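Engineer: Let me begin by handing over the structure; questions about it come next.
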Amino acid sequence: MDSLSHTDEAGNVRMVDVSGKAETARRAVAEGFVRLSERHLAALDDLPKGDAIAAAAIAGIQAAKKTSELIPLCHNVTISNVSLDIRRMAGGLRIVATAATTAKTGVEMEALTAVSVAALTVYDMVKALGQDIEITGIRLLEKSGGKNDWKRT
Numbered sequence: 000m001d002s003l004s005h006t007d008e009a010g011n012v013r014m015v016d017v018s019g020k021a022e023t024a025r026r027a028v029a030e031g032f033v034r035l036s037e038r039h040l041a042a043l044d045d046l047p048k049g050d051a052i053a054a055a056a057i058a059g060i061q062a063a064k065k066t067s068e069l070i071p072l073c074h075n076v077t078i079s080n081v082s083l084d085i086r087r088m089a090g091g092l093r094i095v096a097t098a099a100t101t102a103k104t105g106v107e108m109e110a111l112t113a114v115s116v117a118a119l120t121v122y123d124m125v126k127a128l129g130q131d132i133e134i135t136g137i138r139l140l141e142k143s144g145g146k147n148d149w150k151r152t
């Protein structure tokens, strides 16, 4: 197995040194799903707390910008853009986050954090109607820029 970049030769945790890397345009896309009951879905348009989808999108954007404060070994990356696409689907909401930067390291963690916090925000907005809510399928769909481009098949 290749060595993990977040450990040194002795196995100690470390932050990766990216000082020698070139800045390149980087992009990452992640997704997740919030499984909701019919009761939750029907109530989405008339919640006492307000618009759950708008709140989730704003929360996801804020979270992406704070990823390095939440994930200990993440670099503080200047985000060029973060967008969230939250759509109703059968059984819940699909959340897709896209993050972009020009930096020495990628924005996969920022896209994944955006999806996660957006999903948690939906949970918070509808939980008064019951806890039969499930957050599933949070995963990276694609990344580009840097050494390796990757796309889920």
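Going by numbering that gives the first Met the number 0, the sequence shown opens with residue 0, and the numbers climb by one from there. Here a beta-carbon is modelled for each residue, glycine too, at the ideal position from N, C-alpha and C. Just so we're clear, the structure is a prediction, and the values are computed from it rather than from any experiment.
1. So if DSSP puts GLY19 in a beta bridge, which residue, or which two residues, is it bridged to?
2. Let's test the definition: count the other Cβ atoms within 10 Å of the Cβ of VAL12 and tell me whether it reaches 16, buried, or not, exposed.
3. Which value, in whole angstroms, describes the spacing of the CA atoms of ILE52 and VAL121?
4. By the three-class DSSP mapping on this structure, what secondary structure does VAL81 have?
5. Quick check: the Cα distance between LYS20 and PRO47, rounded to an integer number of angstroms?
6. How is GLU8 classed by DSSP in three states: helix, strand or coil?
7. Does the Cβ-Cβ distance between ALA63 and ALA102 come in under 9 Å?
8. Give the straight-line distance between the Cα atoms of LEU40 and ASP131, rounded to the nearest whole angstrom.
9. May I ask which residues mark the beginning and end of the beta strand (DSSP E) holding LYS142?
10. Pick out the complete alpha helix (DSSP H) segments inside the region 16 to 75, 4 residues or longer, and give them in chain order.
11. Mapping the DSSP letters down to three states, classify LYS103 as helix, strand or coil.
12. I need the DSSP call for ALA166, collapsed to helix, strand or coil.
Structural biologist: From the atom records:
1. For the purposes of this step, residue 19 is taken as residue 20 along the sequence shown, with counting starting at 1. Partner(s): none; GLY19 has no beta bridge.
2. One-based indexing of the sequence shown puts residue 12 at position 13. Counting Cβ neighbours within 10 Å, VAL12 comes out exposed, since fewer than 16 surround it.
3. Within the sequence shown, residue 52 is the residue found at index 53, counting from 1. Within the sequence shown, residue 121 is the residue found at index 122, counting from 1. Straight-line Cα distance between these residues: approximately 7 Å.
4. Locating residue 81 in the sequence shown gives position 82, where the first residue counts as 1. Correct three-state label for VAL81: strand.
5. The sequence position of residue 20 within the sequence shown is 21, counting from 1. The sequence position of residue 47 within the sequence shown is 48, counting from 1. Taking the straight line from one Cα to the other gives about 49 Å.
6. For the purposes of this step, residue 8 is taken as the residue at position 9 of the sequence shown. Looking at GLU8 - three-state DSSP - the assignment turns out to be coil, as it is neither helix nor strand.
7. Sequence index remark: in the sequence shown, residue 63 carries index 64 (1-based). Sequence index remark: in the sequence shown, residue 102 carries index 103 (1-based). No.
8. On the sequence shown, position 41 is the one that residue 40 refers to. On the sequence shown, position 132 is the one that residue 131 refers to. Distance between the alpha carbons of LEU40 and ASP131: 12 Å.
9. Position 143 of the sequence shown, counted from the start, is the residue given in the question as residue 142. Segment 133 to 143, the beta strand (DSSP E) holding LYS142.
10. 37 to 42, 51 to 64 and 66 to 69
11. Translated into positions along the sequence shown, residue 103 becomes position 104. The answer is coil: DSSP assigns LYS103 none of H, G, I, E or B.
12. In the structure as shown, the chain starts at 0 and stops at 152, and residue 166 therefore has no counterpart that could be examined.
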